[in-house]
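Novice:
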Amino acid sequence: MGKIVITGMGAVTPIGIGVDEYWNNLIAGKSGIETIKSFDASELAVQIAGEVKDFNPSDHLPKDVVRKTDAFMQYAYIAAEEALAKSGVEIVPERTGIVMGTAMSGISTIAFTQEALTLAEHKKVGPRFIPKILGNIAAANIAIAHDIEGPSYTVSTACSSGGDAINQAAMIIKAGKADVMLAVGAESAHCPIFIYSLSNAKALSRNNENPQKASRPFDENRDGFVIGEGGGALVLESEEHAKARGAKILGELLACGNTCDAYHVTAPHPEGRGAIACMKQALAEAGLEPSDIGYINAHGTSTPKGDEVEVHSVTEVFGENAPLVSSTKGATGHMMGAGGVTEVIACVKAIETGIVPPTINLENPIPDCKIDFVPNEARKAEVRYAMSNAFGFGGQNSSVIVGKY
321 MGKIVITGMG
331 AVTPIGIGVD
341 EYWNNLIAGK
351 SGIETIKSFD
361 ASELAVQIAG
371 EVKDFNPSDH
381 LPKDVVRKTD
391 AFMQYAYIAA
401 EEALAKSGVE
411 IVPERTGIVM
421 GTAMSGISTI
431 AFTQEALTLA
441 EHKKVGPRFI
451 PKILGNIAAA
461 NIAIAHDIEG
471 PSYTVSTACS
481 SGGDAINQAA
491 MIIKAGKADV
501 MLAVGAESAH
511 CPIFIYSLSN
521 AKALSRNNEN
531 PQKASRPFDE
541 NRDGFVIGEG
551 GGALVLESEE
561 HAKARGAKIL
571 GELLACGNTC
581 DAYHVTAPHP
591 EGRGAIACMK
601 QALAEAGLEP
611 SDIGYINAHG
621 TSTPKGDEVE
631 VHSVTEVFGE
641 NAPLVSSTKG
651 ATGHMMGAGG
661 VTEVIACVKA
671 IETGIVPPTI
681 NLENPIPDCK
691 IDFVPNEARK
701 AEVRYAMSNA
711 FGFGGQNSSV
721 IVGKY
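One gets our numbering by counting positions in the sequence shown from 1 and adding 320 to each.
(1) If the criterion is Cβ atoms closer than 8 Å, does the pair I468 and T416 meet it?
(2) What residues in its chain sit with their C-beta under 6 Å from that of H589, if we drop five residues either side in the sequence?
(3) For the putative contact between G657 and E507, defined by C-beta atoms under 8 Å, what is the C-beta separation to the nearest angstrom?
(4) Excluding the 5 residues flanking E609 on each side, which residues of the same chain have their C-beta closer than 8 Å to its C-beta?
(5) Check whether the Cβ atoms of L574 and I326 sit closer than 8 Å, and answer yes or no.
(6) Is the beta carbon of V731 sitting closer than 8 Å to the one on V500?
(7) Which residues does DSSP list as the beta-bridge partners of T652?
(8) Grab me the residues of A642's own chain with a C-beta within less than 7 Å of its C-beta, minus the 5 sequence neighbours each way, in chain order.
(9) Report buried or exposed for E697, applying the criterion of at least 16 other Cβ atoms within 10 angstroms of its Cβ.
(10) For G568 and A562, what's the separation of their Cα atoms in angstroms?
(11) For G349 and S647, what's the separation of their Cα atoms in angstroms?
(12) Residue ranges of each beta strand (DSSP E) run of no fewer than 3 residues wholly in the region 340-408, ordered along the chain?
(13) According to DSSP, is M707 helix, strand or coil?
(14) Just verifying my parser: in three-state terms, what is the DSSP assignment at Y725?
(15) Should V720 be labelled buried (16 or more other beta-carbon atoms within 10 Å of its own) or exposed?
(16) Along the chain, where does the beta strand (DSSP E) that runs through S646 open and close?
(17) What does the Cβ neighbour count give for G421, buried or exposed, with the cut at 16 atoms within 10 Å?
(18) Using DSSP with H/G/I as helix, E/B as strand and the rest coil, what is F514?
(19) Skipping 5 residues on each side, what residues in its chain have a beta carbon closer than 6 Å to that of N528?
(20) Any idea what DSSP makes of V325, helix, strand or coil?
(21) Check whether the region 616-635 and the region 535-549 are in contact - that is, three or more C-beta pairs closer than 8 Å.
(22) Starting from the C-beta of E559, find all residues in its chain whose C-beta is less than 6 Å away, skip the five residues before and the five after it, and write them out in chain order.
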C-alpha cells in the first residue's frame, strides 16, 4: 500500500474556531480556560473549563442541524466542513468514509434532560433526544450533508478516541475500502455530573481563582487537568488519489500506534508499559528511529501521576536526547476525543511552519527531568517528523506520527 496523506484540516477549540485562529493563538501562548459560562457552576468545587468562545451554532450550521444536534456534534460538523473545504476533494460517495472519535458523546444533553425530567418537566424530553446523544450521529449528520456512503465507524476509546479515529481511517484506506476518509474527533462534556465525578476523583484542578493558570502540564505544582471541548477533523487520502486530482498535500500520515496497559481502568501503568509499547509500535510502523522525531505533542494533561508516567515513558523510548516536547492542553484544556485530532493538527502545523507550540504555565518543571518542554514561548525549530500522544482511561494508548511530504 502506498502513502497516506493529509489534504484538509479543521478545528474548533477554546482558543479559536478554524485552524488558522487555533494555531495562531496556540503559538502566541494564549489560554482558552475561563470560568464556566454555559451553565451556573457557582456551587461546584470546580468552576472552570476550556469552553468554545463566542459560539453561535446558527452562524456555522443550517438551522435544522442546530435543532437536532448536541454541541459535540456541532463541533464535529464544523471541523469537518472546514477540512473538506480546505481539501477541495470531490466526494465519490461509495469511496469516501468517516471515522468519528468521541469519549463522552452526548453526556451534557443526557444530564440536562434528566434534570428537567426530575423537575417533572416531561415535555423537555423531546423526540430528538436519542439521536442527539448517540456518538455515531455526529458522523451521520456529516455523511448526510455530503452524501458520504462509504465506511462509517464511531470509536470511543476515552481520551485516545481522536487518535484512534485517525488510525481506523488509515486502516480503511490501506485495506482498499475507500480512497478518502474523514477522521473526526469531538467532545462537549461540560455538565455538573461529569465535573462532580472527576472532581471527587481529585482529577481536576480547583484553581478557580486563576483559570488561565490552572492547566499546568509538567509543572511541579500541577494539581489536575481542566476540561476542554471542541472538534477536529482531517481529510486523509491515498497518495495516488490525492496526486491524481492535483491536491495540495499538507503532510504525510506515517504511522498510528495503539496499545492497552491491561492494568487499571483509570490509572496509567506506573512504569508506562502501554505508552512505551505504543510509541515504539508507531516508530516501527513508520520505519523511523527515535532520533528522527523532532517534536512530540504530549498527552500532558496536568495531572500529578499522568505527567510523571509520561515523562518516564518518553525518556525510556527516546533516551536523554529526547526531541522537543510540549503539551498544548495548557492552552485548550483536555479536549478528550477532540484533542487527539487537534493535537495532530498542531504537529502538522509545526512541521509546516518550523514553529513548535509552547507548554504554557510551566514555571517549575518536574525536578530531575532533562526533557525540553518548550516552556511558555513558542520555539523556532526544523521538524520533519512529529508524534502526537493520547492516553486514556482503560489504559488506552494512541501515538500518531506525521511527517513532511
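Backbone N, C-alpha and C define an ideal beta-carbon position, used for all residues, glycine too.
Keep in mind that this is a model prediction, so the values were computed, not measured.
Specialist: By the coordinates alone:
(1) Taking the sequence shown and counting its residues from 1, one reaches residue 468 at position 148. Taking the sequence shown and counting its residues from 1, one reaches residue 416 at position 96. It is a contact, given that the beta carbons lie within the stated cut-off.
(2) Mapped onto the sequence shown, residue 589 falls at position 269. Counting only residues of its own chain and dropping the five nearest sequence neighbours on each side, H589 has a CB closer than 6 Å to the CB of D581, Y583.
(3) The sequence position of residue 657 within the sequence shown is 337, counting from 1. The sequence position of residue 507 within the sequence shown is 187, counting from 1. The pair is a contact, with the Cβ atoms about 5 Å apart (cut-off 8 Å).
(4) Within the sequence shown, the letter at position 289 stands for residue 609. Cβ-Cβ distances below 8 Å link E609 to L603 in the same chain, with the five nearest sequence neighbours on each side left out; the list follows chain order.
(5) Reading the sequence shown from its first residue, position 254 is the one you call residue 574. Reading the sequence shown from its first residue, position 6 is the one you call residue 326. For L574 and I326, no; Cβs fall outside 8 Å.
(6) A question about residue 731 goes unanswered here, because the residues of the chain that appear run from 321 up to 725.
(7) Residue numbering aside, residue 652 sits at position 332 when the sequence shown is read from its first letter. T652 is not bridged to any residue.
(8) For the purposes of this step, residue 642 is identified with residue 322 of the sequence shown, where counting begins at 1. Short of 7 Å from the beta carbon of A642, and not among the five residues preceding or following it, lie these beta carbons of its own chain, in chain order: V634, T635, I691.
(9) The sequence position of residue 697 within the sequence shown is 377, counting from 1. E697 is exposed by the Cβ-count criterion.
(10) As a working mapping, residue 568 is identified with position 248 in the sequence shown. As a working mapping, residue 562 is identified with position 242 in the sequence shown. According to the sequence shown, residue 568 is Lys rather than Gly. Each residue's CA atom was taken as its position, placing K568 and A562 some 8 Å apart.
(11) The sequence position of residue 349 within the sequence shown is 29, counting from 1. The sequence position of residue 647 within the sequence shown is 327, counting from 1. When rounded, the distance between both Cα atoms is 12 Å.
(12) With a minimum length of 3 residues, the continuous beta strand (DSSP E) runs that stay inside the region 340-408 are 353-355, 368-370.
(13) One-based indexing of the sequence shown puts residue 707 at position 387. For M707, the three-state secondary structure derived from DSSP is strand.
(14) Taking the sequence shown and counting its residues from 1, the one referred to as residue 725 is at position 405. Taken through DSSP and simplified to helix, strand or coil, Y725 comes out as coil.
(15) Taking the sequence shown and counting its residues from 1, one reaches residue 720 at position 400. By the 16-neighbour rule on beta-carbons within 10 angstroms, V720 is buried.
(16) Counted from its first residue, the sequence shown places residue 646 at position 326. Where S646 is concerned, the enclosing beta strand (DSSP E) starts and stops at 644-646.
(17) The residue you call residue 421 lines up with position 101 of the sequence shown. G421 is buried by the Cβ-count criterion.
(18) Stepping through the sequence shown from its first residue, residue 514 is reached at position 194. Helix at F514.
(19) For the purposes of this step, residue 528 is identified with residue 208 of the sequence shown, where counting begins at 1. So the list reads Q367, I368, once near-sequence residues are dropped.
(20) Taking the first residue of the sequence shown as 1, we reach residue 325 at position 5. Strand, per DSSP.
(21) With the cut-off at 8 Å, the region 616-635 and the region 535-549 touch.
(22) Along the sequence shown, read from residue 1 onward, the residue named residue 559 stands at position 239. Cβ within range, chain order: G322, K323, V325.
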